[in-house]
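>
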Amino acid sequence: MSATILIGAGISASAFSHHFKGDVEIYEKASRVGGRLCARNYKEFIIQFGAQYATSSNSVFDDYLIKTGAINHTASIYIEEKNTYEDKNIWTHEEGMQFIADYGFLNKKINFYSEVIKINQKNKTINLSDGTIVDYNKLILSIPHPQAINLLGELDYECSFEPCLAIGFCLEKGSSFELNAIKPNNKAISWIASSRLFNKQIPESVLIHLGPESSKEMYHKDKETIINFAKEELHNFTSSNLNIIYADIFKWKYALTNKKMNEERYIKYSDSIFLIGDWIKGPRIENAFLSGYSLAMDLNR
């Protein structure tokens, strides 16, 4: 029987899944939900590799965040270039921001390790990498722009993706990074934050996001080289002797959109195919959420 098929399990897909009133079948090529909202556990540590917080200017997103258990608070972030602290109103989740994506899929079955390799628009079917063919009535693609082009063949939409590298360090008890969060005046590093930013009760980890140029240069280096580079940079930002007991990395691509050109929150590719994602309106978590939410509301009518 034909169904509404949702491809992908990031925050846009989560928002669609949570608000769409009809039945939906979900396929995700990875082993988890969340996309770039990646949080990994190491023993009692939570390493939040992707976005560590969200901002919101929309009441619908506010309501959703409250339901997930996210907390709204003011964080003090050190801006190195200005040598000052700036207060920022943010939303965080004590289990990591990945949980706000998890919430949208509660009580939903997700077919993990299920990669779509072909879309037959004439027959309205998708082909999975394991040989399975699935019929669809409506097809929702919540996948990055390059993957969408590979499946659809063409897409008249302007977007680019830039490499991003995140490195997480778990600290030995008694070892601590002085600041909750810092925006360095440094081309190599764009962001450093302690896990205290979202959870003060768990053992401390420190997260580093490399800057755009460093991410490009290091993206295809081996894991050990990337970790050593980040470790050296981290020690330049602290007077403490940080004892690191575990380190890991996460790679993804950051969407850069033409905001003047891309006015819609989702794309109607045809009467039966729609696209949602953070690359359509902008890479903020709020934009990703509103992309999936807006499509769900329109299809519910």
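Residue numbers for the sequence shown follow the numbering used here, beginning at -10 and rising by one.
For each residue, glycine too, the CB sits at the ideal point set by N, CA and C.
Here's the rule I'm using: 16 or more other beta-carbon atoms within 10 Å means buried, otherwise exposed. How should phenylalanine 138 be labelled?
Phenylalanine is not the amino acid found at residue 138; the sequence shown has isoleucine there. Result: exposed.
> Nearest-angstrom Cα distance between cysteine 27 and leucine 186?
Going from the Cα of cysteine 27 to the Cα of leucine 186 covers about 16 Å.
> Under three-state DSSP, which class holds proline 201?
If DSSP states are grouped into helix, strand and coil, proline 201 belongs with the helices.
> Strictly by DSSP, which residues pair up with asparagine 116?
Answer is Lys107, Ile122, bridged to asparagine 116.
> Cβ atoms of isoleucine 234 and cysteine 159: under 8 Å apart, would you say?
In contact: cysteine 159 and isoleucine 234 (Cβ atoms closer than 8 Å).
> In chain order, what residues of the same chain lie with their CB nearer than 7 Å to the CB of phenylalanine 50, ignoring the 5 residues before and after it?
If we look at phenylalanine 50 and ignore the five residues flanking it on each side, its Cβ neighbours are Glu275, Phe278, Leu279.
> So alanine 2 packs on glycine 200, CB below 8 Å; how close in whole Å?
Actually they are not in contact, since the Cβ atoms of alanine 2 and glycine 200 sit about 29 Å apart, beyond 8 Å.
> Starting from the Cα of valine 291, find the closest Cα among Tyr258, Ser261, Ile238 and give me that residue.
Limits of the chain in this structure are -10 at one end and 290 at the other, which puts residue 291 out of reach.
> Can you name, in chain order, every residue of its own chain whose Cβ lies under 6 Å from the Cβ of isoleucine -6, other than the five neighbours on each side?
Excluding residues within five positions, the ones whose Cβ falls inside 6 Å are Glu14, Tyr125, Leu128.
> Once the 5 residues before and after tyrosine 208 are set aside, which same chain residues still bring their CB inside 7 Å of it?
Only Pro152, Leu154, Lys240 meet the Cβ criterion.
> For glutamate 17 versus phenylalanine 150, is the C-beta spacing smaller than 8 Å?
No, these two residues do not count as a Cβ contact at 8 Å.
> Does DSSP put serine 1 in a helix, in a strand, or in coil?
Looking at serine 1 - three-state DSSP - the assignment turns out to be helix.
> If you follow the alpha helix (DSSP H) that glutamine 41 is in, where does it begin and where does it stop?
First-last for glutamine 41: undefined, no H or E at that position.
> Note down the Cα distance separating glycine 39 from arginine 25, rounded to an integer number of angstroms.
Straight-line Cα distance between these residues: approximately 5 Å.
> I'd like to know if the region 62 to 80 and the region 95 to 111 are in contact, where contact means that at least 3 CB-CB pairs between them fall below 8 Å.
Short answer: they don't touch.
> By Cβ distance below 8 Å, which residues in the same chain neighbour lysine 162 in space, the five residues on each side in sequence not counted?
Pro192, listed in sequence order.
> Determine the DSSP secondary structure at aspartate 76, reduced to helix, strand or coil.
Looking at aspartate 76 - three-state DSSP - the assignment turns out to be strand.
> Between the alpha carbons of lysine 97 and histidine 7, how many angstroms are there, rounded?
Near 9 Å, if we compare the C-alpha coordinates of histidine 7 and lysine 97.
> If I measure Cβ to Cβ from serine 203 and keep anything under 6 Å in the same chain, skipping five residues before and after, which residues do I get?
For serine 203, where only same-chain residues beyond five positions count, the Cβ hits under 6 Å are Ala177.
> What's the gap between the Cα of isoleucine 216 and the Cα of lysine 210?
In a straight line, the C-alpha of isoleucine 216 is about 10 Å away from that of lysine 210.
> Using CA atoms only, rank isn't needed, just tell me which of Ser259, Phe166, Glu147, Ser184 is closest to leucine 231.
When each option's Cα is compared against that of leucine 231, the closest is Phe166.
> Between arginine 273 and leucine 140, what straight-line distance do the alpha-carbon atoms span, to the nearest angstrom?
Answer to the nearest angstrom: the Cα atoms are 25 Å apart.
> By DSSP, does serine 179 sit in helix, in strand, or in coil?
Three-state result, serine 179: strand.
> Do you know whose CA, among Ile197, Gln87, Arg29, lies nearest threonine 57's CA?
It is Gln87.
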